[in-house]
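Residue numbers for the sequence shown follow the numbering used here, beginning at -17 and rising by one. One structure is given here, and the rest of the page talks about it.
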Amino acid sequence: MKQANVVIVGGSAAGFQAAISTARHKQIKKVILIRKEQRAVVPCGIPYIVGTLGSVEKNLLPDALLGDTELIVDEVTSIDREGKTLSTVGGETIGYGKLILATGSEPVVPKMPGVELQNVFAVWKDPDYLEKVHRALDKARHVVVIGGGFIGAEFADECRKMDCKVTVVEMLEHCLFVNCDEDFCIRIEDKLTEVGVQILTGCRVQSIQGKDRVDCVLCDRGEKIKADAVILAIGVKPRVDLAKRAGLSIGEKGGIVVDQYMMTSDPSVFAVGDCAEKYSFFTGKPIAIRLASTAAREARIAAANLVQPRRQRNLGTIGVFSTMIAGAAIGVAGLTERSAAEFGFDTVIGEAAAVDRHPSAMPGATELRVKLVFDKNTGKMIGGESCGGVSTGELSNCMAVLVAAEMTVDQVTTLRVGTHPALTASPLVYQIVNAGEDALTKFI
Ligand SMILES: Cc1cc2nc3c(=O)[nH]c(=O)nc-3n(C[C@H](O)[C@H](O)[C@H](O)COP(=O)(O)OP(=O)(O)OC[C@H]3O[C@@H](n4cnc5c(N)ncnc54)[C@H](O)[C@@H]3O)c2cc1C
């Protein structure tokens, strides 16, 4: 029987990071990582295999990052928590000192007529499956994307780059409506429309039709949309069967219950990433945010706590997200104006827009807009949104730091920032600070 100090089940964002961070602690002599797939994809890069990257091969996680961690390609079928062993499809029994579950999530596949037809694809994070998706999209001329969240919007943008006629069908009033405030959603919708993508919002797909292969999609408002391929992008659900069978507690949003140390109801078993329940930084209540960045953070916390119990605490998920669609980037950190209201906050909003270089004649200067959300009662920043060019990505990370540090409107207004003509906005119009000052005028 194989034996390791730490065994990790799952080899994507969470499992990879757990292995890398655990192996950094030299006290841990032997780490084993078990994953189902021979090759692991970079999950966030999946839409880009269609156009920008052009192949699945260019979107693989390099196993070399695992260093001395032993990689086993197999599927874990059961956990014996008393004996501290795992069993696999391949017939192995593996003993563990501590176990990290990083079994992730899988796409929600709706029970809709026609979903089983050829060329109807959910977004499975499996390279062999994705190769089939790539081949089909390569030949397709008409693509329908069901679901206009960030995954659907990214797929739509990539498919149109391949000269496909793309339609996005979204049942909510806007694409990206779960992630952003309305004005930011509209900006992305306008960009997609400009590049030729048709967007149907407030519209539900009723059925997918075709003989063996998809031919068209029918919507509840009567639209019939031609389709050679369909991408289903309507969300994910945590993959927790293994944990359930092992008797671990499952939470209200379907993830494995963990405490602030990423420990499950069994002190020898940790859970990280999409399979673990998430709790809001703002309310402590379960929330359905599942991101690779969150997964990697949780994995680092679990690794530290394996080595020194209760070394690091997870004080909650903030949700930091960014994307670039049809040349327009948006980023969100924490609560939007709408989600803050849903959470019961009274808010004060600060806004600012300026180019992200100075003077504006500098090469690469792009208009960058920032919207900050403050809690009216405490003055603390609880969220931020931005849209503009490539600087938007790191700007949303910066906004996440301000939210996590619970900075007040006065602290945001007096931030210490560095500026440079070729790299940032001018200090006179630095967007986060100016948006803070805009909010300050509404507090005073
Ligand atoms: C198209 C797309 C784009 C995305 N873009 C972004 C983005 O830009 N930014 C961002 O932060 N997030 C993004 N996400 C979300 C992100 O991909 C997920 O949050 C992330 O993959 C979660 O990582 P994970 O390791 O927890 O789970 P997963 O990626 O789901 O991996 C789970 C792993 O567990 C293995 N496994 C499961 N069960 C077993 C078993 N019984 N035995 C052995 N192995 C098992 C699987 O084989 C897999 O290796 C995107 C997701 C998709 C689908």
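Just so you know, even glycine gets a beta-carbon here, dropped at the ideal spot from N, CA and C.
(1) Can you tell me whether DSSP reads VAL196 as helix, strand or coil?
(2) So for PRO220, helix, strand or coil by DSSP?
(3) Could you say which of LEU119, SER368, ILE16 and SER262 lies nearest to THR75 if we only look at CA atoms?
(4) Apart from the five residues on each side of it in sequence, which residues of its chain come closer than 6 angstroms, Cβ to Cβ, to ILE414?
(5) Got a sec? Which residues, its chain only, sit under 7 angstroms from GLN295 by beta carbon, not counting five neighbours each side?
(6) Hey, could you find the ends of the beta strand (DSSP E) ARG203 is sitting in?
(7) So, for ASP197: in the same chain, excluding its five sequence neighbours on each side, which residues have a beta-carbon less than 6 angstroms away from its beta-carbon?
(8) Given a cut-off of 9 angstroms on the beta-carbon distance, is the pair VAL314 and GLY365 in contact?
(9) State the Cα-Cα distance for the pair ILE427 and LEU158, rounded to the nearest angstrom.
(10) Between the alpha carbons of VAL383 and ALA1, how many angstroms are there, rounded?
(11) Report all residues from its chain with a CB closer than 7 angstroms to the CB of ASP50; omit the five preceding and five following residues, and keep chain order.
(12) According to DSSP, is VAL325 helix, strand or coil?
(13) Taking 9 angstroms as the cut-off, decide whether the C-beta atoms of VAL(-9) and LEU224 are in contact.
(14) Identify which residue in THR59, GLY72, LEU81 and LYS267 has its Cα closest to the Cα of LYS66.
(15) Report the option in ALA278, GLY375 and LEU354 whose CA atom is closest to the CA atom of MET306.
(16) Under a Cβ-count criterion, where at least 16 other Cβ atoms within 10 Å of its own Cβ denotes burial, should THR402 be classed as buried or exposed?
(17) For ligand 1, is there any heavy atom lying closer than 8 angstroms to the beta carbon of LYS18?
(18) When every heavy atom of ligand 1 is checked, does at least one fall within less than 8 angstroms of the C-beta of GLU88?
(19) At which residues does the beta strand (DSSP E) containing HIS124 begin and terminate?
(20) Which runs of the alpha helix (DSSP H) at least 4 residues long sit entirely within the segment -14 to 48? Give them in chain order.
(21) Terminal residues of the continuous alpha helix (DSSP H) containing ASP392?
(22) Count Cβ pairs between the segment 228 to 239 and the segment 252 to 264 that sit closer than 8 angstroms; are there 3 or more?
(23) In the DSSP output, which residue or residues are listed as bridge partners for TYR78?
(24) Is it the case that the CB of ARG272 approaches a heavy atom of ligand 1 more closely than 8 angstroms?
(25) If you check the beta carbons only, do SER368 and ILE300 fall under 9 angstroms apart?
(26) For ASP357, which option in ALA322, ALA277 and CYS141 has the closest C-alpha, if you only look at C-alpha atoms?
(27) Is the beta carbon of THR276 within less than 8 angstroms of some heavy atom of ligand 1?
(28) Sorry if obvious, but does the Cβ on LYS143 come closer than 8 angstroms to a heavy atom of ligand 1?
(29) Hey, how far is the Cα of VAL125 from the Cα of LYS12?
(30) Does TYR261 come out as helix, strand or coil in the three-state DSSP assignment?
(31) In chain order, what residues of the same chain lie with their CB nearer than 6 angstroms to the CB of CYS185, ignoring the 5 residues before and after it?
(32) Secondary structure at PHE425, three-state DSSP: helix, strand or coil?
(33) To the nearest angstrom, report how far apart GLY130 and HIS156 are at their CA atoms.
(34) What is the residue span of the beta strand (DSSP E) that MET306 lies within?
(35) I'd like to know if the segment 275 to 284 and the segment 246 to 257 are in contact, where contact means that at least 3 CB-CB pairs between them fall below 8 angstroms.
The relevant details are as follows:
(1) In the structure shown, VAL196 sits in a strand (DSSP, three-state: E or B).
(2) Three-state DSSP puts PRO220 in a strand.
(3) Comparing C-alpha distances from THR75 to each of LEU119, SER368, ILE16 and SER262 shows the shortest one belongs to ILE16.
(4) Leaving aside the five residues that flank ILE414 on each side, the residues in its chain whose CB is nearer than 6 angstroms to its CB run, in chain order, VAL352.
(5) According to the sequence as given, residue 295 is Arg; it is not Gln. Excluding residues within five positions, the ones whose Cβ falls inside 7 angstroms are GLN242 and TYR243.
(6) Note, ARG203: premise wrong, no beta strand (DSSP E); not H, not E.
(7) Take ASP197, set aside five residues on each side of it, and the residues of its chain with a beta-carbon closer than 6 angstroms to its own are GLN191, in chain order.
(8) Contact check for VAL314 against GLY365 passes: the beta carbons are separated by less than 9 angstroms.
(9) The structure shown does not extend to residue 427, since the chain is modelled only from -17 to 426, so the question has no answer here.
(10) The C-alpha of ALA1 is placed about 26 angstroms away from the C-alpha of VAL383.
(11) These residues qualify, in order along the chain: ALA5.
(12) Sequence inspection shows Phe at residue 325; the Val mentioned does not correspond to that position. Secondary structure of PHE325 (DSSP, three-state): coil.
(13) For VAL(-9) and LEU224, yes; Cβs fall inside 9 angstroms.
(14) Cα-wise, what sits closest to LYS66 is LEU81.
(15) Ranking ALA278, GLY375 and LEU354 by Cα distance to MET306 puts GLY375 first.
(16) One point to set straight first is that residue 402 is His, not Thr, in the sequence displayed. When all chains shown are included, HIS402 counts as exposed.
(17) Indeed, a heavy atom of ligand 1 lies less than 8 angstroms from the Cβ.
(18) Yes, the Cβ of GLU88 comes within 8 angstroms of a heavy atom of ligand 1.
(19) Element bounds for HIS124: 124 to 128.
(20) Here the runs fully enclosed are -5 to 6.
(21) Start and end: 391 to 395.
(22) Result yes; three or more Cβ-Cβ pairs closer than 8 angstroms.
(23) Residue pairing of TYR78 in beta bridges, as defined by DSSP: ALA(-14).
(24) For ligand 1, at least one heavy atom lies less than 8 angstroms from the Cβ of ARG272.
(25) With respect to ILE300, SER368 sits apart: the two C-beta atoms are not nearer than 9 angstroms.
(26) ASP357 has its Cα closest to that of ALA322, out of ALA322, ALA277 and CYS141.
(27) THR276: yes, Cβ under 8 angstroms from ligand 1.
(28) False, no ligand heavy atom lies under 8 angstroms from that Cβ.
(29) Spanning the two alpha carbons is a distance of roughly 47 angstroms.
(30) The three-state reading of DSSP puts TYR261 in strand, counting E and B together.
(31) Correct list, in chain order: VAL151, CYS201 and ARG203.
(32) If DSSP states are grouped into helix, strand and coil, PHE425 belongs with the helices.
(33) Roughly 8 angstroms separates the two Cα atoms.
(34) Residue range 302 to 307 is occupied by the beta strand (DSSP E) that includes MET306.
(35) The segment 275 to 284 vs the segment 246 to 257: in contact.
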